[in-house]
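Asks:
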Amino acid sequence: MINDIVQDGIKELVNIASANASTALSEMTGLLITVSVPELRIVNIYDFYAEFAETMEEIVYGSVVKFQGGLEGYLLIFMDKKSMEEVVGRLLELLGGESSEELALDTIKEVFNIFSSSYVTAIYNFLNIYATHTPPTVTEDFLGSILNTALGLMSFNTGSDVILTVKVDLRIQKDDKVLGTDFWMVHLMTSRDIEVISQAIMSL
Numbered sequence: 001m002i003n004d005i006v007q008d009g010i011k012e013l014v015n016i017a018s019a020n021a022s023t024a025l026s027e028m029t030g031l032l033i034t035v036s037v038p039e040l041r042i043v044n045i046y047d048f049y050a051e052f053a054e055t056m057e058e059i060v061y062g063s064v065v066k067f068q069g070g071l072e073g074y075l076l077i078f079m080d081k082k083s084m085e086e087v088v089g090r091l092l093e094l095l096g097g098e099s100s101e102e103l104a105l106d107t108i109k110e111v112f113n114i115f116s117s118s119y120v121t122a123i124y125n126f127l128n129i130y131a132t133h134t135p136p137t138v139t140e141d142f143l144g145s146i147l148n149t150a151l152g153l154m155s156f157n158t159g160s161d162v163i164l165t166v167k168v169d170l171r172i173q174k175d176d177k178v179l180g181t182d183f184w185m186v187h188l189m190t191s192r193d194i195e196v197i198s199q200a201i202m203s204l
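Number 47 in the numbering used here belongs to position 47 of the sequence shown; there are no gaps in the numbering.
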């Protein structure tokens with residue numbers, strides 16, 4: 001069970017990770033990129049499915065990465081297809097580069113990589129838990145299919161059905177042009193992840 005102190009610590013961790021990600025994206029692109037205060041929920045698997053019940057057939061770009069080292073769960077990152085293509089198109093347009101399918105895919109991978117790396121970096125800096133993650137691979141599919149794949153991977157781990165969902169509003173601005181869209185990170189926690197993170201927060 002995750003108590004209130006641990007939940008507050010996780011919220012602070014997510015705030016740090018989101019800020020780090022927006023800073024890294026801004027430095028990479030030279031554009032003003034910000035994220036909203038994260039909307040965070042800690043839910044069980046049933047509530048998790050219920051949260052996305054009406055969007056299971058929505059096409060999204062998603063990536064599932066596995067934690068290694070101090071954590072052993074998975075991180076799922078996704079954004080709906082239309083919004084992601086708008087974000088990538090806007091980035092390439094504002095940067096003055098030529099667009100291609102390969103370049104767009106590389107840009108999506110880099111955005112996902114920055115968010116996942118920012119999360120594990122925040123875990124290390126804030127909680128002194130060293131973890132890495134596998135490189136992100138991008139999938140274009142129904143949200144329901146991507147969620148099922150992620151939870152299927154999770155089933156190979158013993159433990160818990162505790163899921164941390166994080167939604168932020170990602171905003172890109174240059175001059176008078178602003179684009180905002182929802183961006184999701186989902187930490188599928190094993191029992192060991194919960195224990196390690198809880199102990200680290202309680203010892204702060």
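Here a beta-carbon is modelled for each residue, glycine too, at the ideal position from N, C-alpha and C.
Alpha carbon to alpha carbon, how far is residue 13 from residue 137? Give it in angstroms, no decimals.
Replies: Your numbering for residue 137 matches position 137 in the sequence shown. Your numbering for residue 13 matches position 13 in the sequence shown. Rounded to the nearest angstrom, the two C-alpha atoms are 24 angstroms apart.
Asks: Kindly give me the distance between the Cβ atoms of residue 198 and residue 64, rounded to whole angstroms, as I take these residues to be in contact under 8 angstroms.
Replies: For the purposes of this step, residue 198 is taken as residue 198 along the sequence shown, with counting starting at 1. For the purposes of this step, residue 64 is taken as residue 64 along the sequence shown, with counting starting at 1. Wrong, their Cβ atoms sit about 24 angstroms apart, outside the cutoff.
Asks: Nearest to residue 193 by CA position, among 36, 53, 120 and 101, is which residue?
Replies: Here residue 193 corresponds to residue number 193 of the sequence shown, with the count starting at 1. Comparing Cα-Cα distances from residue 193 to each of 36, 53, 120 and 101, the minimum goes to 120.
Asks: So, do the stretch 166-178 and the stretch 29-39 have three or more beta carbon pairs nearer to each other than 8 angstroms?
Replies: Taking 8 angstroms as the limit for Cβ pairs, the verdict is that the stretch 29-39 does touch the stretch 166-178.
Asks: I need the straight-line Cα distance from residue 72 to residue 43, nearest angstrom please.
Replies: Working through the sequence shown from its first residue, we reach residue 72 at position 72. Working through the sequence shown from its first residue, we reach residue 43 at position 43. Taking the straight line joining both Cα atoms gives about 18 angstroms.
Asks: Can you tell me the Cα-Cα spacing of residue 151 and residue 204, whole angstroms?
Replies: Working through the sequence shown from its first residue, we reach residue 151 at position 151. Working through the sequence shown from its first residue, we reach residue 204 at position 204. Near 31 angstroms, if we compare the C-alpha coordinates of residue 204 and residue 151.
Asks: In its own chain, which residues sit with a C-beta less than 6 angstroms from the C-beta of residue 112, not counting the 5 before and 5 after it?
Replies: Here residue 112 corresponds to residue number 112 of the sequence shown, with the count starting at 1. If we look at residue 112 and ignore the five residues flanking it on each side, its Cβ neighbours are 63, 77 and 136.
Asks: Within the stretch 51-108, note down every full alpha helix (DSSP H) run reaching 4 residues or more, in order along the chain.
Replies: With a minimum length of 4 residues, the continuous alpha helix (DSSP H) runs that stay inside the stretch 51-108 are 81-94.
Asks: Got a sec, what are the start and stop residues for the beta strand (DSSP E) residue 180 sits in?
Replies: Sequence index remark: in the sequence shown, residue 180 carries index 180 (1-based). Run containing residue 180: 177-188, per the beta strand (DSSP E) assignment.
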